[in-house]
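S.K.: Questions regarding the structure given below will be posed in turn.
Number of protein chains: 2
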Amino acid sequence: MTGRVTMRDVAQAVGMSPMTVSRALRDDRTVNAQTRARVRDVAQQLGYVYDSTAQAFRTQKSGFVAVTLPSVNNANFAETFRALTSGLGAAGVQLLLGSTNYRVEREEELVRQLLTRNPEALVLTGGHHTDATRSLIKGRGLPVIEMWDLPRDPLGHVVGFSNSDAMAHVVGHLAATGRRKLAFVGASEGADMRGAVRRAGVVRAADMHRLPEVTMIDAGPAPVSMRHGAAVIEALGRDVAQYDALVCVSDPVAFGCLSAVQRMGLSVPDDLAITGFGHFEVAKVSNPRITTVNVQAEDIGRQVVDLLQGIFDGDVDAPVRVDVGSELVVGETS
Amino acid sequence: MTGRVTMRDVAQAVGMSPMTVSRALRDDRTVNAQTRARVRDVAQQLGYVYDSTAQAFRTQKSGFVAVTLPSVNNANFAETFRALTSGLGAAGVQLLLGSTNYRVEREEELVRQLLTRNPEALVLTGGHHTDATRSLIKGRGLPVIEMWDLPRDPLGHVVGFSNSDAMAHVVGHLAATGRRKLAFVGASEGADMRGAVRRAGVVRAADMHRLPEVTMIDAGPAPVSMRHGAAVIEALGRDVAQYDALVCVSDPVAFGCLSAVQRMGLSVPDDLAITGFGHFEVAKVSNPRITTVNVQAEDIGRQVVDLLQGIFDGDVDAPVRVDVGSELVVGETS
DNA sequence: TGGCCTTCTGATACCGATAACATGATACCG
DNA sequence: CGGTATCATGTTATCGGTATCAGAAGGCCA
Numbered sequence: 001m002t003g004r005v006t007m008r009d010v011a012q013a014v015g016m017s018p019m020t021v022s023r024a025l026r027d028d029r030t031v032n033a034q035t036r037a038r039v040r041d042v043a044q045q046l047g048y049v050y051d052s053t054a055q056a057f058r059t060q061k062s063g064f065v066a067v068t069l070p071s072v073n074n075a076n077f078a079e080t081f082r083a084l085t086s087g088l089g090a091a092g093v094q095l096l097l098g099s100t101n102y103r104v105e106r107e108e109e110l111v112r113q114l115l116t117r118n119p120e121a122l123v124l125t126g127g128h129h130t131d132a133t134r135s136l137i138k139g140r141g142l143p144v145i146e147m148w149d150l151p152r153d154p155l156g157h158v159v160g161f162s163n164s165d166a167m168a169h170v171v172g173h174l175a176a177t178g179r180r181k182l183a184f185v186g187a188s189e190g191a192d193m194r195g196a197v198r199r200a201g202v203v204r205a206a207d208m209h210r211l212p213e214v215t216m217i218d219a220g221p222a223p224v225s226m227r228h229g230a231a232v233i234e235a236l237g238r239d240v241a242q243y244d245a246l247v248c249v250s251d252p253v254a255f256g257c258l259s260a261v262q263r264m265g266l267s268v269p270d271d272l273a274i275t276g277f278g279h280f281e282v283a284k285v286s287n288p289r290i291t292t293v294n295v296q297a298e299d300i301g302r303q304v305v306d307l308l309q310g311i312f313d314g315d316v317d318a319p320v321r322v323d324v325g326s327e328l329v330v331g332e333t334s
Numbered sequence: 335m336t337g338r339v340t341m342r343d344v345a346q347a348v349g350m351s352p353m354t355v356s357r358a359l360r361d362d363r364t365v366n367a368q369t370r371a372r373v374r375d376v377a378q379q380l381g382y383v384y385d386s387t388a389q390a391f392r393t394q395k396s397g398f399v400a401v402t403l404p405s406v407n408n409a410n411f412a413e414t415f416r417a418l419t420s421g422l423g424a425a426g427v428q429l430l431l432g433s434t435n436y437r438v439e440r441e442e443e444l445v446r447q448l449l450t451r452n453p454e455a456l457v458l459t460g461g462h463h464t465d466a467t468r469s470l471i472k473g474r475g476l477p478v479i480e481m482w483d484l485p486r487d488p489l490g491h492v493v494g495f496s497n498s499d500a501m502a503h504v505v506g507h508l509a510a511t512g513r514r515k516l517a518f519v520g521a522s523e524g525a526d527m528r529g530a531v532r533r534a535g536v537v538r539a540a541d542m543h544r545l546p547e548v549t550m551i552d553a554g555p556a557p558v559s560m561r562h563g564a565a566v567i568e569a570l571g572r573d574v575a576q577y578d579a580l581v582c583v584s585d586p587v588a589f590g591c592l593s594a595v596q597r598m599g600l601s602v603p604d605d606l607a608i609t610g611f612g613h614f615e616v617a618k619v620s621n622p623r624i625t626t627v628n629v630q631a632e633d634i635g636r637q638v639v640d641l642l643q644g645i646f647d648g649d650v651d652a653p654v655r656v657d658v659g660s661e662l663v664v665g666e667t668s
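Chains A and B are the protein sequences, given in the same order.
Note that the first sequence covers residues 1 to 334 in our numbering.
Note that the second sequence covers residues 335 to 668 in our numbering.
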């Protein structure tokens, strides 16, 4: 019934004012060293727990950075998130995470919700948003970073790479090694914009290299993963042999395809090349290793952290655009 | 300079008191329907954004549930988290996520930090905590749920399964199919308690089945994944053929082992059986499919949501213990 | 007509920390 | 020794919602 322990209680116990307690707990040097120590001791004894909500309210600084990801269940996004957490955690900032399930409407809802927590910055994955999302964000003085893409018309800062260029490298590599009849394996057209950009990149690059039209193989609604890759190839059966190469939207999909292709007795890369995207662990360990694109998920996270730190320190005025690039990693499937 | 838009501003604009605005925005039916609509319109027009911090402060209800996970970059934990997010999001609760990197000291630090946000419940992964963590939690009236384990001496509620029993099933299966010389592939002894429990389960079960002593193969500090499994087997070389079966701490590790074993020309399961844990996607798609244990990560999340809902509704008094069980899934590697 | 109930709205205080300013005690200076 | 700098602490007001109680307006009944 005594309710929670507040600074007032601690103050009373040490015979000082709450203000002194506040200062002591924040290690303010204007407070006498002995007093500081005593306050800390007593606070500990009383089981005092600092109330960040009250602080956030009074100072109008929440200590939160809001982040949206399409999905946590994706090693690359998870890696970015990990880098964000450890980088910002050191700065005393907590992350507020939301996942959009690859849908911009869901993102809108999330942003609406996250903004009510008064975050000090907003980090969005991707550069496609609903108009409502855009207008929610604009006007407010809130720093915004879009990551994992290089949007044409950014909301604020950007840390990403060109999905389209990355795919062009993959297609260039395949063309150079004599592959001509390509199929792209990805999610159904629809919500997943990053997937769509990759697909478009493949088409454009194939065109540039004067390859025949790229066949689109639909592995189902996003997110698509190993089992979808495997299922769609199983459904296709031996017909898959008509292609020289399967260009997959991600490594998990590529692994699914690889596995299914091998099961039907075809040889990779002899009968057919397969490429992935993202440099997931499975691409390095699978047998054969999958040709893929390294996107430096962790680096994206780190760059975002650096940028945020600069913003909080007031060192950033103009919008920043960081291209972390990407890199073709030739494996044994091509 | 005008600062943020508050309820006061909205109230002024509609010529009513802030209290009425507050009620209107919360859809309180005691407010006249027309007034409600008008308030909403005006709020929208002024770009008013509700301040959850102020609400949390005044009502002493944060709208947060704090969750700790060993790692987000793990499909099973990510799946549990997804289930929690979608289940609790519907109830208007937001998740505060922290990852412990499989270390109890890090968990302690995290819990300390999370508690300052005044969460309405705390969901921890696993049943091993530092004494400081335990005392931080006890005493406070905060509902606590430990998940993914069935701890002997729980802090509060529990939703999990027996890692040890699950491993016993795996070993039983191997013994029944004539495997005798087992090796366990897992992380170094140390922080990861779930891994340690699995290891102990294997040893005990092997003993029970009168198998020779189980060899421990150390794949490095937690978390161990595909590449660690592959690396440790590569380092072992053909010596691996002395075992009848590799019992791996997780599916990714098992896949790494499988891949390395295949690369050196051995056949699975003819020369050697391999088992995993967790029913990860890779186990279903790999070639051959990996014998594993299905742990229903999503179900754990759902059960935790149900439990929390019960707690918030005041329907739960005594500590609840839910065993979601686990199930051996025999694949093609054994 | 008076009394009472229903419907809607307002006034006030408060949640816990802290910014901003004020104050009391000492020390130190020429 | 008066005056000013320095150090340590206290006082007051405030951040933006909302619980609680009070009250005005209108309808209904006997």
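Idealized CB from N, CA, C, for every residue including glycine.
On a predicted model such as this, the values are computed, not experimentally measured, just so you know.
Can you tell me where the alpha helix (DSSP H) with Q55 (chain A) in it begins and where it stops?
M.R.: Element bounds for Q55 (chain A): S52 to T59.
S.K.: Which bits of chain B does T53 (chain A) rub up against, with CB to CB less than 7 Å?
M.R.: Residues of chain B passing the Cβ test: T387, A390, F391, S396, R451 and N452.
S.K.: At a Cβ threshold of 8 Å, is M341 (chain B) touching chain A?
M.R.: Answer no: the Cβ-Cβ gap between M341 (chain B) and chain A never drops below 8 Å.
S.K.: Whose Cβ in chain A lies nearer than 8 Å to the Cβ of G665 (chain B)?
M.R.: The contacting residues do not exist; G665 (chain B) stays about 13 Å from chain A at best.
S.K.: Quick one: which chain B residues come within Cβ less than 7 Å of Y50 (chain A)?
M.R.: The contacting residues are T450.
S.K.: D465 (chain B) to V240 (chain A), Cα distance in whole Å?
M.R.: Between D465 (chain B) and V240 (chain A), the C-alpha separation is close to 59 Å.
S.K.: Would you mind listing the alpha helix (DSSP H) stretches within the region 467-541 of chain B that are 4+ residues and don't spill past its ends, in chain order?
M.R.: Fully enclosed alpha helix (DSSP H) runs of 4 or longer: 497-510.
S.K.: Using the beta-carbon of each residue, which ones in chain B are nearer than 7 Å to T85 (chain A)?
M.R.: Chain B residues near T85 (chain A): S433.
S.K.: Using 8 Å as the limit for Cβ to Cβ distance, is M335 (chain B) near chain A?
M.R.: The predicted position of M335 (chain B) is uncertain, since its pLDDT is 38 and thus under 50; a value taken from the coordinates is nonetheless stated next. It does not: the Cβ of M335 (chain B) has no partner Cβ on chain A nearer than 8 Å.
S.K.: Is G278 (chain A) close to chain B? Criterion is C-beta to C-beta, closer than 8 Å.
M.R.: For G278 (chain A), the answer is no, since every Cβ of chain B falls outside 8 Å of its Cβ.
S.K.: Counting only Cβ-Cβ distances shorter than 7 Å, please list the residues of the region 541-574 of chain B near chain A, keeping chain order.
M.R.: Flagged, chain order: S559, M560, R561 and A564.
S.K.: For chain A, find out if any of its Cβ atoms is closer than 8 Å to the Cβ of V376 (chain B); answer yes or no.
M.R.: Answer no: the Cβ-Cβ gap between V376 (chain B) and chain A never drops below 8 Å.
S.K.: Which partner residues of G276 (chain A) appear in the DSSP bridge assignment?
M.R.: Looking at the DSSP assignment, G276 (chain A) forms no beta bridge with any residue, so it has no partner.
S.K.: Within this structure, are the beta carbons of L182 (chain A) and A245 (chain A) separated by less than 8 Å?
M.R.: Yes.
S.K.: Which chain A residues are close to S620 (chain B), counting only those with a beta carbon under 7 Å from its beta carbon?
M.R.: The answer, in chain order, is S259.
S.K.: Terminal residues of the continuous beta strand (DSSP E) containing S433 (chain B)?
M.R.: Looking at the DSSP string, the run of the beta strand (DSSP E) that includes S433 (chain B) is Q428 to S433.
S.K.: Specify, as a first and last residue, the run of the beta strand (DSSP E) that D218 (chain A) falls within.
M.R.: Per DSSP, D218 (chain A) belongs to the beta strand (DSSP E) from T215 to D218.
S.K.: Taking contact to mean at least 3 C-beta pairs separated by less than 8 Å, is the region 602-613 of chain B in contact with the region 468-486 of chain B?
M.R.: The answer is no - the region 468-486 of chain B does not touch the region 602-613 of chain B, with fewer than three Cβ pairs under 8 Å.
S.K.: Given this structure, state the Cα-to-Cα distance separating K472 (chain B) from G310 (chain A), to the nearest angstrom.
M.R.: One C-alpha to the other measures close to 40 Å.
S.K.: Give a yes or no on whether 8 Å exceeds the smallest Cβ distance from V406 (chain B) to chain A.
M.R.: Cβ-Cβ to chain A under 8 Å: yes for V406 (chain B).
S.K.: Does the CB of R103 (chain A) have a neighbour CB from chain B at under 8 Å?
M.R.: It does not: the Cβ of R103 (chain A) has no partner Cβ on chain B nearer than 8 Å.
S.K.: With DSSP as the reference, label M1 (chain A) as helix, strand or coil.
M.R.: The predicted position of M1 (chain A) is uncertain, since its pLDDT is 39 and thus under 50; a value taken from the coordinates is nonetheless stated next. Three-state DSSP puts M1 (chain A) in coil, outside helix and strand.
S.K.: Taking only beta-carbon positions, decide if Q296 (chain A) is within less than 8 Å of chain B.
M.R.: By this cut-off, Q296 (chain A) is not an interface position.
S.K.: Counting only Cβ pairs nearer than 8 Å, list the residues of chain A close to Q596 (chain B).
M.R.: N287, listed in chain order.
S.K.: Could you give the residue range of the alpha helix (DSSP H) that holds A358 (chain B)?
M.R.: Start and end: P352 to L359.
S.K.: So, E298 (chain A) versus T80 (chain A), is the Cβ gap smaller than 8 Å?
M.R.: Yes.
S.K.: Determine the contact status of V537 (chain B) and I567 (chain B), defining contact as a CB-CB distance below 8 Å.
M.R.: No; because the gap between Cβ atoms is not below 8 Å, this pair is not in contact.
S.K.: Could you tell me whether the Cβ of F518 (chain B) comes closer than 8 Å to any Cβ of chain A?
M.R.: Taking Cβ atoms only, chain A never reaches closer than 8 Å to F518 (chain B), which makes this a no.
S.K.: Any chance the region 37-49 of chain A sits against the region 82-99 of chain A, with 3 or more Cβ pairs inside 8 Å?
M.R.: No: fewer than three Cβ pairs fall under 8 Å.
S.K.: What residue does the alpha helix (DSSP H) around R321 (chain A) start on, and which one ends it?
M.R.: Here R321 (chain A) belongs to no alpha helix (DSSP H); instead the beta strand (DSSP E) covers R321 to D323.
S.K.: Identify the continuous alpha helix (DSSP H) that holds A579 (chain B) and give its terminal residues.
M.R.: Premise fails: A579 (chain B) lies in the beta strand (DSSP E), A579 to C582, not in any alpha helix (DSSP H).
S.K.: With which residues is L328 (chain A) paired in a DSSP beta bridge?
M.R.: DSSP, once it has assigned bridges, lists A:V293 as partnering L328 (chain A).
S.K.: Let me know if R637 (chain B) comes out buried or exposed under the rule of 16 or more other beta-carbons within 10 Å of its beta-carbon.
M.R.: It should be noted that the sequence gives Gln, not Arg, for residue 637 (chain B). Buried: at least 16 other Cβ atoms inside 10 Å.
S.K.: At the level of alpha carbons, what is the spacing between D207 (chain A) and G599 (chain B)?
M.R.: So the two alpha carbons sit approximately 41 Å from each other.
S.K.: Could you give the residue range of the beta strand (DSSP E) that holds L124 (chain A)?
M.R.: Taken as a continuous stretch (DSSP letters only), the beta strand (DSSP E) holding L124 (chain A) covers A121 to T125.
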